[in-house]
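Participant:
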Amino acid sequence: MRTIAIANQKGGCGKTTVSINLAACLAREGRRTLLVDMDPQGHCALGLAVPEDQIEVSIYEVLAAAGGTNGDRIDISRSIWQITANFDLSPATTALAQFERDMSSKPDSEERLGSVLSTVNDKYDFALIDCPPHIGLLTRSALAAASEVIIPVDTGYFSLQGLSKQIETVEAIRSRREQPLEIRVLANLYDVRTKLGREILNELKRKFGPLMCSTFINFNTKLREGASFGQPITEYDPGSMGFRDFVRLARELVAAGGPEMVPTTLLRQADELAAKAQELLATSRPLFGKGGFEEGRIAQAAGEPVSHEAIQQKIEQIYGVRKTDEGVLFVAEAPSARQVCLAGDFNGWSPTATPMQRLESGQGFRAMLPLGPGRYRYRYVVDGQWGMDQHNNMMTDERDHPHFHSPRWRRDSVPFSSASSSPDSRCEIG
Ligand SMILES: Nc1ncnc2c1ncn2[C@@H]1O[C@H](COP(=O)(O)OP(=O)(O)OP(=O)(O)O)[C@@H](O)[C@H]1O
Ligand SMILES: [Mg+2]
Numbered sequence: 370m371r372t373i374a375i376a377n378q379k380g381g382c383g384k385t386t387v388s389i390n391l392a393a394c395l396a397r398e399g400r401r402t403l404l405v406d407m408d409p410q411g412h413c414a415l416g417l418a419v420p421e422d423q424i425e426v427s428i429y430e431v432l433a434a435a436g437g438t439n440g441d442r443i444d445i446s447r448s449i450w451q452i453t454a455n456f457d458l459s460p461a462t463t464a465l466a467q468f469e470r471d472m473s474s475k476p477d478s479e480e481r482l483g484s485v486l487s488t489v490n491d492k493y494d495f496a497l498i499d500c501p502p503h504i505g506l507l508t509r510s511a512l513a514a515a516s517e518v519i520i521p522v523d524t525g526y527f528s529l530q531g532l533s534k535q536i537e538t539v540e541a542i543r544s545r546r547e548q549p550l551e552i553r554v555l556a557n558l559y560d561v562r563t564k565l566g567r568e569i570l571n572e573l574k575r576k577f578g579p580l581m582c583s584t585f586i587n588f589n590t591k592l593r594e595g596a597s598f599g600q601p602i603t604e605y606d607p608g609s610m611g612f613r614d615f616v617r618l619a620r621e622l623v624a625a626g627g628p629e630m631v632p633t634t635l636l637r638q639a640d641e642l643a644a645k646a647q648e649l650l651a652t653s654r655p656l657f658g659k660g661g662f663e664e665g666r667i668a669q670a671a672g673e674p675v676s677h678e679a680i681q682q683k684i685e686q687i688y689g690v691r692k693t694d695e696g697v698l699f700v701a702e703a704p705s706a707r708q709v710c711l712a713g714d715f716n717g718w719s720p721t722a723t724p725m726q727r728l729e730s731g732q733g734f735r736a737m738l739p740l741g742p743g744r745y746r747y748r749y750v751v752d753g754q755w756g757m758d759q760h761n762n763m764m765t766d767e768r769d770h771p772h773f774h775s776p777r778w779r780r781d782s783v784p785f786s787s788a789s790s791s792p793d794s795r796c797e798i799g
C-alpha cells in the first residue's frame, strides 16, 4: 500500500478536492483506494455525500482507541464507508479536533495513524490522507504515516496572498523529516488564460523543477459543483476537464510507482492466485458434477501446473453470472458467510426475498432465477451487508444515472436505496 498525505497549511488550495478526486480516479484505474480524512472539518464526507449524522465511528474513535490494549482497539474497517467500487472512505467529524487537543502530550500520538493504517496494508493499493490547513498533530501524524506527500499549490487569482507560505510548507516538510518522503508539488486552480497563473506556474517549476507533478489541475467549476452534489468528478462529469486532469494525475502516480513495491505486490498476487487455483481445482468437480456445467473445461486434475490465464478462466467459470438453459445462474464467492441473499431489480431490492443455496464445496452460494431478456442490476447481501459481485466486472456507471446524488452506505450496515447509482453489479440477458 502506498500512503500519500495531501498537505499544505494554506487553506483552500485544493487538498480535499485533490484527495477526493484523485482517490476516485485511482479507484477507476482499478487501484483499491482508501481515503482517510484527518481534517476535523469533515469535508471529505461532505464532498462524498456521507451523512455526518450517520457516522457512528469516525477516524477519531479509531485513533483514540489505538493507544489501548488489543481488546480496546477499534478496527479501522468499522469506520469505513464505501463510495464507489475500489474507493473507501474513513471519514472525520468535528470530534477529531479533540485528538489534537487531548493527545498531543501522549508519546505515541504521532505514530497512531501509521500503526492503524498498517492493519490494512494488504487491503488497499493506495491510502490517501487529507490534512487540515495547519501543521499540528493531525498533519504530523499524516506525514509520519506517509511515504509520499502531495502538496497542492494554488496558482489561481488569490495565490499571491499565500504562495510564500505554501512554499514554506514544502521546505518545512522537507527539513523536518528524517525518513525518506517523496514530495510532489501539484499546481492546482490553474487558469491558463491569466498571465498571473502562467507566471506562478513558471515560478513553481523554476523553484521545485523535479518535485513538480507533470500534471497540473486546471480551474474547473465542475470540480466545485461535483463536491456540492456529493460526487467525485468520476461520477459528476466524466466529460469534464477536471476529470481529464485527475485521470492524468492518477496515471502519473501509478506510473511513478514505488520501486520495491511493484515486484512485491505482483509476487503476492501471484501467490494468492496460485493458492486460489489449488482451491478451485479441488472444488470444481463437486461443484458441477460429472458431465455437468462446464465439465469439459474444468476437467483439469488438481495439482497440475496451470497458466495464469487458465486460473483466471476457472475463477470466472465458477463464480459470477451466466445464462443457462434453466435460467440465469448467480454464483457468489463467500466462503465464510452464514447466509447470502440476492437483491436486485427483479425482486424489488429485497435483502431477504431471494436466499441463495450454499454450494457443496462450502466456498460460495448459488441461485438460479428464471429471468427473461433484459438488463438487471443486483447486489449480494452477505450476512446482512450489501456488496457488489466481485466476479462481475459489469457495474452500473454514471451514464445510467447522470448527476444522480447517490446515497452512500456503510460497509457494516444496511442503509441502502435501490436507486443508488454505483456500484451495483449488472447483467444483460439476451
Ligand atoms: N481545480 C479546481 N477548480 C475549481 N475549483 C476548485 C479547484 N480546486 C479546488 N476548488 C474549489 O476551491 C475550494 C477550496 O478547495 P478545497 O476545499 O479542496 O481546499 P482545501 O485545501 O481542502 O481547503 P481547507 O484548507 O479548508 O481544507 C472549494 O470550493 C473547491 O471546490
Ligand atoms: Mg480540505
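Each residue of the sequence shown is one higher than the one before, starting from 370 at the first, in our numbering.
The beta-carbon is built from N, C-alpha and C at its ideal position, and this holds for glycine as well.
What you are looking at is a predicted structure, and each value in this text was computed from that prediction instead of being measured.
Between the region 389-403 and the region 610-629, are three or more C-beta pairs nearer than 8 Å?
Facilitator: In this structure the region 389-403 touches the region 610-629; the number of beta carbon pairs closer than 8 Å is three or more.
Participant: Throw me the rounded Cβ distance for the residue 720 and residue 750 pair, which I believe falls under 8 Å.
Facilitator: In the sequence shown, residue 720 corresponds to position 351, counting from 1. In the sequence shown, residue 750 corresponds to position 381, counting from 1. Indeed, because the Cβ distance is near 4 Å, the residues count as touching under 8 Å.
Participant: Assuming residue 738 contacts residue 709 under a Cβ cut-off of 8 Å, what Cβ separation, rounded to an integer in Å, is found between them?
Facilitator: One-based indexing of the sequence shown puts residue 738 at position 369. One-based indexing of the sequence shown puts residue 709 at position 340. Not really, about 14 Å apart at Cβ, beyond 8 Å.
Participant: Under 8 Å, do residue 459 and residue 504 count as touching if we go by C-beta distance?
Facilitator: Residue numbering aside, residue 459 sits at position 90 when the sequence shown is read from its first letter. Residue numbering aside, residue 504 sits at position 135 when the sequence shown is read from its first letter. Contact flag unset, no.
Participant: Can you round the beta-carbon distance between residue 418 and residue 599 to whole angstroms, since I take them to be within the 8 Å contact cut?
Facilitator: Numbered from 1 along the sequence shown, position 49 holds the residue referred to as residue 418. Numbered from 1 along the sequence shown, position 230 holds the residue referred to as residue 599. With 8 Å as the limit, residue 418 and residue 599 qualify as a contact, their Cβ atoms being about 3 Å apart.
Participant: Compute the minimum distance between the beta carbon of residue 410 and the heavy atoms of ligand 2, and state whether it is under 7 Å.
Facilitator: The count along the sequence shown starts at 1 and reaches residue 410 at position 41. Because some heavy atom of ligand 2 lies under 7 Å away, the Cβ of residue 410 counts as near it: yes.
Participant: Helix, strand or coil for residue 638, going by three-state DSSP, please let me know.
Facilitator: For the purposes of this step, residue 638 is taken as residue 269 along the sequence shown, with counting starting at 1. Caution is warranted here: a pLDDT of 48 is assigned to residue 638, below 50, making its placement in the model unreliable, and the coordinate value is therefore given only provisionally. Helix.
Participant: Apart from the five residues just before and just after residue 517, which ones in its own chain have a Cβ nearer than 6 Å to its Cβ?
Facilitator: Working through the sequence shown from its first residue, we reach residue 517 at position 148. Here the set comprises 373 and 551.
Participant: Helix, strand or coil for residue 631, going by three-state DSSP, please let me know.
Facilitator: Position 262 of the sequence shown, counting from 1, holds the residue named residue 631. Confidence at residue 631 is low in this model, with a pLDDT of 34, below 50, so the placement of that residue is unreliable and no value is reported for it.
Participant: Tell me which residue opens and which closes the alpha helix (DSSP H) that residue 390 is part of.
Facilitator: As a working note, residue 390 is residue 21 in the sequence shown. Its alpha helix (DSSP H) spans residues 384-397.
Participant: What I want to know is whether the C-beta of residue 523 ends up closer than 7 Å to one or more non-hydrogen atoms of ligand 2.
Facilitator: Along the sequence shown, one-based indexing puts residue 523 at 154. Taking non-hydrogen atoms of ligand 2 into account, the C-beta of residue 523 is found less than 7 Å away from none of them.
Participant: Give the list of continuous alpha helix (DSSP H) stretches no shorter than 4 residues that lie fully inside the region 413-455.
Facilitator: 428-434
Participant: Which of the three DSSP states, helix, strand or coil, is assigned to residue 610?
Facilitator: Counting from one through the sequence shown, the residue named residue 610 turns up at place 241. The answer is helix: DSSP assigns residue 610 an H, G or I state.
Participant: For residue 763, does the three-state DSSP call read helix, strand or coil?
Facilitator: Counted from its first residue, the sequence shown places residue 763 at position 394. Three-state result, residue 763: coil.
Participant: Assign residue 747 to one of two classes, buried (16 or more other C-beta atoms within 10 Å of its C-beta) or exposed (fewer than that).
Facilitator: Along the sequence shown, read from residue 1 onward, the residue named residue 747 stands at position 378. Buried, since its Cβ has 16 or more Cβ neighbours within 10 Å.
Participant: Which residues share a DSSP beta bridge with residue 755?
Facilitator: Numbered from 1 along the sequence shown, position 386 holds the residue referred to as residue 755. Paired residue(s): 750.
Participant: Just to check my reading of the structure: residue 506 and residue 468 have Cβ atoms closer than 8 Å, yes? What is that Cβ distance to the nearest angstrom?
Facilitator: By 1-based counting over the sequence shown, the position of residue 506 is 137. By 1-based counting over the sequence shown, the position of residue 468 is 99. Confirmed, Cβ separation roughly 7 Å.
Participant: Do residue 733 and residue 712 count as a contact pair if the criterion is CB distance below 8 Å?
Facilitator: Working through the sequence shown from its first residue, we reach residue 712 at position 343. Working through the sequence shown from its first residue, we reach residue 733 at position 364. No, the Cβ-Cβ distance between residue 712 and residue 733 is not below 8 Å.
Participant: Could you check whether the Cβ of residue 593 sits closer than 7 Å to any heavy atom belonging to ligand 1?
Facilitator: Taking the sequence shown and counting its residues from 1, the one referred to as residue 593 is at position 224. Yes.
Participant: For the beta strand (DSSP E) containing residue 595, list its first residue and its last residue.
Facilitator: Taking the sequence shown and counting its residues from 1, the one referred to as residue 595 is at position 226. Here residue 595 belongs to no beta strand (DSSP E); instead the alpha helix (DSSP H) covers 590-597.
Participant: Count the other C-beta atoms from every protein chain shown that fall within 10 angstroms of the C-beta of residue 583, then say buried if there are 16 or more, exposed otherwise.
Facilitator: Within the sequence shown, numbered from 1, the residue matching residue 583 stands at position 214. Answer is exposed; the Cβ neighbour count stays below 16.
Participant: Under 7 Å from any heavy atom of ligand 2, does the C-beta of residue 499 make it?
Facilitator: Indexing the sequence shown from 1 puts residue 499 at position 130. Flag set: Cβ of residue 499 near ligand 2.
Participant: Kindly examine ligand 1 and report whether one of its heavy atoms sits closer than 7 Å to the Cβ of residue 585.
Facilitator: The sequence position of residue 585 within the sequence shown is 216, counting from 1. Checking every heavy atom of ligand 1 against the Cβ of residue 585, none is found closer than 7 Å.
Participant: Using 10 angstroms around the beta-carbon of residue 605, count the other beta-carbons present and answer buried if the total reaches 16, otherwise exposed.
Facilitator: For the purposes of this step, residue 605 is taken as residue 236 along the sequence shown, with counting starting at 1. It counts as buried.
Participant: Which parts of the region 496-549 are runs of the alpha helix (DSSP H), unbroken and 4 residues or longer, counting only runs that do not cross its ends?
Facilitator: 506-514 and 528-545
Participant: For residue 555, list the residues DSSP reports as bridge partners.
Facilitator: For the purposes of this step, residue 555 is identified with residue 186 of the sequence shown, where counting begins at 1. DSSP output for residue 555 lists 521 as bridge partner(s).
Participant: When you compare the CB positions of residue 538 and residue 519, do they come within less than 8 Å of one another, or not?
Facilitator: Here the question's residue 538 lines up with position 169 in the sequence shown. Here the question's residue 519 lines up with position 150 in the sequence shown. Using a Cβ distance threshold of 8 Å, residue 538 and residue 519 do not count as a contacting pair.
Participant: Output the distance between the C-alpha atoms of residue 806 and residue 433, rounded to the nearest integer angstrom.
Facilitator: As displayed, the chain neither begins before 370 nor continues past 799, which places residue 806 out of reach and without an answer.
Participant: With the cut-off set at 8 Å, would you say residue 706 and residue 723 are in Cβ contact?
Facilitator: One-based indexing of the sequence shown puts residue 706 at position 337. One-based indexing of the sequence shown puts residue 723 at position 354. Not a contact, by the Cβ cut-off of 8 Å.
Participant: Is residue 384 a contact residue of ligand 2, with contact defined as CB to any heavy atom under 7 Å?
Facilitator: On the sequence shown, position 15 is the one that residue 384 refers to. Yes.
Participant: My output table needs one value for residue 585: the three-state DSSP class, helix, strand or coil.
Facilitator: If you number the sequence shown from 1, residue 585 lands on position 216. Of the three classes helix, strand and coil, the one that applies to residue 585 here is coil, per DSSP.
Participant: Under three-state DSSP, which class holds residue 484?
Facilitator: Stepping through the sequence shown from its first residue, residue 484 is reached at position 115. Residue state, collapsed to three classes: helix.
Participant: Apart from the five residues just before and just after residue 441, which ones in its own chain have a Cβ nearer than 7 Å to its Cβ?
Facilitator: To locate residue 441, count along the sequence shown from 1; it is residue 72. If we look at residue 441 and ignore the five residues flanking it on each side, its Cβ neighbours are 434.
Participant: Residues in its own chain within less than 6 Å of residue 744 by CB, not counting five upstream and five downstream?
Facilitator: Within the sequence shown, numbered from 1, the residue matching residue 744 stands at position 375. Cβ within range, chain order: 797.
Participant: Per the contact definition of three or more C-beta pairs closer than 8 Å, is the region 554-561 in contact with the region 578-597?
Facilitator: yes
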